[in-house]
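A.B. asks: One structure is given below, represented as structure tokens, and several questions about it will come after.
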Amino acid sequence: MKKKILASALCLAMMASLASCGGDKDVDTSNKSGDASTGDVTIRWSWWGDTTRHEKYNQIADKFEEKNPGIKVEREPNSWADYWDKLSVQVAGGNAPDMMGQHLQFAADYSTRGALQDLQPFVDDGTIDVSKVEQSVLDTGKMNDVFCMVPMAVTTQSLIANKTLLDQYGVDYPAYNEDWTWDEFAAEGEKFVKATNGEIWFTGDWSTASMNIVRYWSRMNGQEAYTEDGKRGFEEETLAEWLTMWKDLRDKGVIPDAATTTEDKSNALEQNLFSTHKSAIASVPANQLYLYAEQAPDEEVILLRQPISNDKKQGVFVEGAHWAVSSKSAHQKEAAMLINFWTNDADAVNIYQMDQGVPINNELASQISENLSESDKKCIEFVQAYMEVASGYTTPPAGATELDTELQNYGSAVGFGEKTPEEAAKEFVAKVDEVLNK
Numbered sequence: 021m022k023k024k025i026l027a028s029a030l031c032l033a034m035m036a037s038l039a040s041c042g043g044d045k046d047v048d049t050s051n052k053s054g055d056a057s058t059g060d061v062t063i064r065w066s067w068w069g070d071t072t073r074h075e076k077y078n079q080i081a082d083k084f085e086e087k088n089p090g091i092k093v094e095r096e097p098n099s100w101a102d103y104w105d106k107l108s109v110q111v112a113g114g115n116a117p118d119m120m121g122q123h124l125q126f127a128a129d130y131s132t133r134g135a136l137q138d139l140q141p142f143v144d145d146g147t148i149d150v151s152k153v154e155q156s157v158l159d160t161g162k163m164n165d166v167f168c169m170v171p172m173a174v175t176t177q178s179l180i181a182n183k184t185l186l187d188q189y190g191v192d193y194p195a196y197n198e199d200w201t202w203d204e205f206a207a208e209g210e211k212f213v214k215a216t217n218g219e220i221w222f223t224g225d226w227s228t229a230s231m232n233i234v235r236y237w238s239r240m241n242g243q244e245a246y247t248e249d250g251k252r253g254f255e256e257e258t259l260a261e262w263l264t265m266w267k268d269l270r271d272k273g274v275i276p277d278a279a280t281t282t283e284d285k286s287n288a289l290e291q292n293l294f295s296t297h298k299s300a301i302a303s304v305p306a307n308q309l310y311l312y313a314e315q316a317p318d319e320e321v322i323l324l325r326q327p328i329s330n331d332k333k334q335g336v337f338v339e340g341a342h343w344a345v346s347s348k349s350a351h352q353k354e355a356a357m358l359i360n361f362w363t364n365d366a367d368a369v370n371i372y373q374m375d376q377g378v379p380i381n382n383e384l385a386s387q388i389s390e391n392l393s394e395s396d397k398k399c400i401e402f403v404q405a406y407m408e409v410a411s412g413y414t415t416p417p418a419g420a421t422e423l424d425t426e427l428q429n430y431g432s433a434v435g436f437g438e439k440t441p442e443e444a445a446k447e448f449v450a451k452v453d454e455v456l457n458k
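In our numbering, the protein residues as written are 21 to 458.
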């Protein structure tokens with residue numbers, strides 16, 4: 021089943037970015053940081069995530085050190101927000117981790133700064149083995165035709181829902197492989213909040229989570245977040261309608277007030293609104309199902325699709341995070357070895373399993389399927405069905421990281437009543453054009 025996901029659905033993979041990677045294509049792939057056999061090589065590995073993910077990745081680092089006794093791995097785990105704030109400073113200071121996580125939403129900001137090393141030489145010399153990975157999957161790691169990122173896995177955005185709560189309060193929701201419209205979603209939200217006497221929100225406020233969620237809305241309106249030439253792809257009115265819809269949900273008590281939303285953004289997964297039973301639905305990548313299921317052991321947690329437009333237009337697209345090597349690293353070969361370990365070592369794949377989505381190594385993905393938890397099996401089933409209606413999208417250009425922050429600022433201003441949706445949309449669109457025209 022997993023191979024089917026990778027082989028067929030991922031042929032829809034993202035279009036190439038206008039960005040470029042750093043580093044020398046003719047890089048010397050020999051050990052540039054000393055003799056690893058002497059144990060004097062230390063590489064830094066940085067990632068984002070929650071407590072459970074940190075535990076898994078520390079196990080992987082331990083296993084890598086065990087199998088490569090000359091290399092030590094210094095770990096730098098962070099929350100999602102802290103990760104990008106810290107990485108931006110590290111790259112600017114020439115002190116980026118040797119191996120770092122990248123997301124297509126922000127990758128161009130780093131590739132255009134020459135921060136990502138071309139990995140093809142490490143593929144050519146066998147340090148990174150990609151023989152069991154579909155080419156369409158590998159292509160998602162190319163920036164301006166330079167292979168500078170190896171996918172961690174593949175996933176899609178989803179709604180993670182507490183089925184027990186939804187059933188208890190009479191919510192009508194679709195099957196995992198069926199759709200519901202935004203109007204239907206909002207109506208069920210109002211019904212749910214009324215049934216709970218306002219004690220539980222239907223969902224959190226996604227209005228300004230990231231430009232990725234705006235991309236869904238834009239695609240439903242026949243637009244995109246960005247154009248292929250790196251410009252704005254959505255209209256001011258489109259964003260105003262998005263912010264207005266969420267303002268209405270906020271005013272009706274379907275989603276939290278702005279202060280609660282702001283506080284929730286800094287909460288760890290185990291303290292967020294969903295995990296503490298203050299909301300019934302969360303919008304996160306499908307591969308995080310098992311993490312949320314762990315927070316509700318006595319209840320049933322399921323995957324649902326993102327709402328579609330009222331005229332039945334889809335917005336879903338293929339997603340996935342990547343690993344990259346710093347172009348400034350003195351330990352590029354060792355970092356490439358760690359990427360290869362993540363991709364091709366059975367012990368590593370058995371540790372992270374579906375943490376980032378479907379593993380890209382077809383052979384190992386098939387091997388772990390029998391040992392997966394029920395939530396991970398449900399994730400595969402969900403992703404399999406969702407891929408059938410997903411499509412590719414234009415990779416965000418340089419400036420996307422800054423615009424994510426700006427979107428959150430303007431959305432927060434609407435939430436706190438400081439700006440109307442129309443004012444925020446007008447000002448944000450002007451900011452988008454300013455940043456992308458630099």
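Backbone N, C-alpha and C define an ideal beta-carbon position, used for all residues, glycine too. Predicted model only: the values in this text are computed from it and were never measured.
#1: Terminal residues of the continuous beta strand (DSSP E) containing L179?
#2: For Q122, collect the residues of the same chain with a Cβ closer than 8 Å to its Cβ; drop the 5 residues on either side in sequence, then sort them by chain order.
#3: Measure how close the beta-carbons of V452 and R252 come, nearest whole angstrom, since I'm counting them as under 8 Å.
#4: Just the C-alpha distance for Y103 and D70, rounded to the nearest angstrom, thanks.
#5: Looking only at its own chain, which residues have a Cβ that is under 8 Å from the Cβ of V398, when we skip the five neighbours before and after it?
#6: Between which residues of its own chain and T201 is the CB-CB distance below 8 Å, once the five residues before and five after are set aside?
#7: Any idea if A33 is buried or exposed, counting beta-carbon neighbours within 10 angstroms, 16 or more meaning buried?
#8: Determine which residues share a DSSP beta bridge with W262 and list them.
#9: Rounded to the nearest angstrom, what separates E257 and R239 at their Cα positions?
#10: Between which two residues does the beta strand (DSSP E) carrying V13 extend?
#11: If I measure Cβ to Cβ from A27 and keep anything under 7 Å in the same chain, skipping five residues before and after, which residues do I get?
#12: Is I220 helix, strand or coil when you go by DSSP?
#13: Taking 8 Å as the cut-off, does the segment 263 to 272 touch the segment 223 to 237 (at least 3 CB pairs, one atom from each stretch)?
#14: Contact defined as beta carbons within less than 8 Å: I believe G353 pairs with T147. What is the distance between those atoms, to the nearest angstrom?
#15: Considering Cα atoms alone, identify which of L392, A306, K298, E390 is closest to E219.
#16: I'd like to know if N360 contacts chain B, where contact means its C-beta is closer than 9 Å to some C-beta of that chain.
#17: For K92, does the three-state DSSP call read helix, strand or coil?
#18: Give every residue of the same chain whose Cβ lies closer than 7 Å to the Cβ of E210, excluding the five residues on either side of it in the sequence, and list them in chain order.
#19: Since V409 and V336 should fall inside the 8 Å C-beta cutoff, what is the C-beta to C-beta distance between them, to a whole number of angstroms?
#20: Over what stretch of residues does the alpha helix (DSSP H) that includes A344 continue unbroken?
#21: E339 and K508 - do their beta-carbons sit closer together than 9 Å?
#22: Are the CB atoms of N88 and F361 nearer to each other than 9 Å?
#23: Which value, in whole angstroms, describes the spacing of the CA atoms of S395 and A313?
#24: Under 9 Å between the Cβ atoms of D145 and V166?
#25: What is the DSSP secondary structure of Q352, reduced to helix, strand or coil?
#26: Report yes or no: do the segment 299 to 308 and the segment 83 to 101 share at least 3 C-beta pairs separated by less than 8 Å?
#27: Leaving out five residues before and five after A288 in sequence, what residues of the same chain have Cβ atoms less than 8 Å from its Cβ?
#28: Based on Cα-Cα distance, which residue from A81, N78, P117 lies nearest to R64?
#29: Suppose contacts are defined by Cβ-Cβ distances below 9 Å. Is L514 in contact with V455 by that definition?
#30: Identify whether L324 lies in helix, strand or coil by the three-state DSSP scheme.
#31: State the Cα-Cα distance for the pair E198 and R325, rounded to the nearest angstrom.
#32: T175 to I400, Cα distance in whole Å?
#33: Which residues in the same chain as D284 place their Cβ atom closer than 8 Å to its Cβ, once the five residues preceding and following it in sequence are excluded?
C.D. replies: A quick look at the data gives this:
#1: Locating residue 179 in the sequence shown gives position 159, counting from the first residue. Looking at the DSSP string, the run of the beta strand (DSSP E) that includes L179 is 177 to 182.
#2: Here residue 122 refers to the residue found at position 102 of the sequence shown. Same-chain partners within the cutoff: Y130, L136, M169, A341, H342, W343, A344.
#3: Walking along the sequence shown from the start, residue 452 turns up at place 432. Walking along the sequence shown from the start, residue 252 turns up at place 232. Right, the Cβ-Cβ distance comes to about 5 Å (below 8 Å), so this counts as a contact.
#4: Taking the first residue of the sequence shown as 1, we reach residue 103 at position 83. Taking the first residue of the sequence shown as 1, we reach residue 70 at position 50. Y103 and D70: Cα-Cα distance of roughly 11 Å.
#5: As a first step, residue 398 must be located in the sequence shown, where it is residue number 378. The sequence as given places Lys at residue 398; Val does not occur at that position. So the list reads Y196, L309, I322, L323, once near-sequence residues are dropped.
#6: As a working mapping, residue 201 is identified with position 181 in the sequence shown. Here the set comprises P327, I328, S329, N330, K332.
#7: The residue given as residue 33 occupies position 13 in the sequence shown. Legend: pLDDT at A33 = 39, less than 50; position of this residue unreliable, no value from coordinates given.
#8: Reading the sequence shown from its first residue, position 242 is the one you call residue 262. For W262, DSSP assigns no beta-bridge partner whatsoever.
#9: Indexing the sequence shown from 1 puts residue 257 at position 237. Indexing the sequence shown from 1 puts residue 239 at position 219. Whole-angstrom Cα-Cα distance: 14 Å.
#10: Nothing in the structure corresponds to residue 13, since the chain is present only between 21 and 458.
#11: By 1-based counting over the sequence shown, the position of residue 27 is 7. With a pLDDT of 42 at A27, under the threshold of 50, the modelled position of that residue is not reliable, and the figure given next carries that caveat. E154, listed in sequence order.
#12: Along the sequence shown, one-based indexing puts residue 220 at 200. Per DSSP, reduced to three states, the secondary structure at I220 is coil, with no helix or strand assignment.
#13: yes
#14: Numbered from 1 along the sequence shown, position 333 holds the residue referred to as residue 353. Numbered from 1 along the sequence shown, position 127 holds the residue referred to as residue 147. Inspection of the sequence shows that residue 353 is occupied by Lys rather than by Gly. The Cβ separation is near 6 Å, so the contact holds.
#15: Position 199 of the sequence shown, counted from the start, is the residue given in the question as residue 219. Out of L392, A306, K298, E390, K298 has the C-alpha closest to the C-alpha of E219.
#16: Checking the listed chains, one finds no chain B in this structure; it contains a single protein chain.
#17: Residue 92 sits at position 72 when you count from the first residue of the sequence shown. Secondary structure at K92: strand, using DSSP grouped into helix, strand and coil.
#18: As a position in the sequence shown, residue 210 is number 190, starting the count at 1. For E210, where only same-chain residues beyond five positions count, the Cβ hits under 7 Å are K272, V274.
#19: As a working note, residue 409 is residue 389 in the sequence shown. As a working note, residue 336 is residue 316 in the sequence shown. Yes, they are in contact, since the Cβ atoms of V409 and V336 sit about 6 Å apart, within 8 Å.
#20: Against the sequence shown, residue 344 aligns to sequence position 324. No alpha helix (DSSP H) contains A344, which is instead part of the beta strand (DSSP E) from 341 to 345.
#21: What the structure shows of the chain is the stretch from 21 to 458, and residue 508 is not part of that stretch, so it cannot be assessed.
#22: Taking the sequence shown and counting its residues from 1, the one referred to as residue 88 is at position 68. Taking the sequence shown and counting its residues from 1, the one referred to as residue 361 is at position 341. Yes.
#23: Stepping through the sequence shown from its first residue, residue 395 is reached at position 375. Stepping through the sequence shown from its first residue, residue 313 is reached at position 293. Each residue's Cα considered, the two are about 7 Å apart.
#24: Here residue 145 is taken as the residue at index 125 of the sequence shown, counted from 1. Here residue 166 is taken as the residue at index 146 of the sequence shown, counted from 1. Cβ distance not < 9 Å, so D145 and V166 don't count as in contact.
#25: Counted from its first residue, the sequence shown places residue 352 at position 332. Three-state DSSP puts Q352 in a helix.
#26: no
#27: Translated into positions along the sequence shown, residue 288 becomes position 268. Contacts found: D70, T71, S99.
#28: Residue 64 sits at position 44 when you count from the first residue of the sequence shown. Among A81, N78, P117, the Cα nearest to that of R64 belongs to P117.
#29: One cannot answer for residue 514 here, as it falls past the ends of the chain, which runs 21 to 458.
#30: Start at 1 with the first residue of the sequence shown, and residue 324 comes out as number 304. Correct three-state label for L324: strand.
#31: Position 178 of the sequence shown, counting from 1, holds the residue named residue 198. Position 305 of the sequence shown, counting from 1, holds the residue named residue 325. About 7 Å.
#32: Position 155 of the sequence shown, counting from 1, holds the residue named residue 175. Position 380 of the sequence shown, counting from 1, holds the residue named residue 400. For T175 and I400, the distance between alpha carbons rounds to 9 Å.
#33: Looking up residue 284 in the sequence shown gives position 264. Correct list, in chain order: G224, P276, N292, L293.
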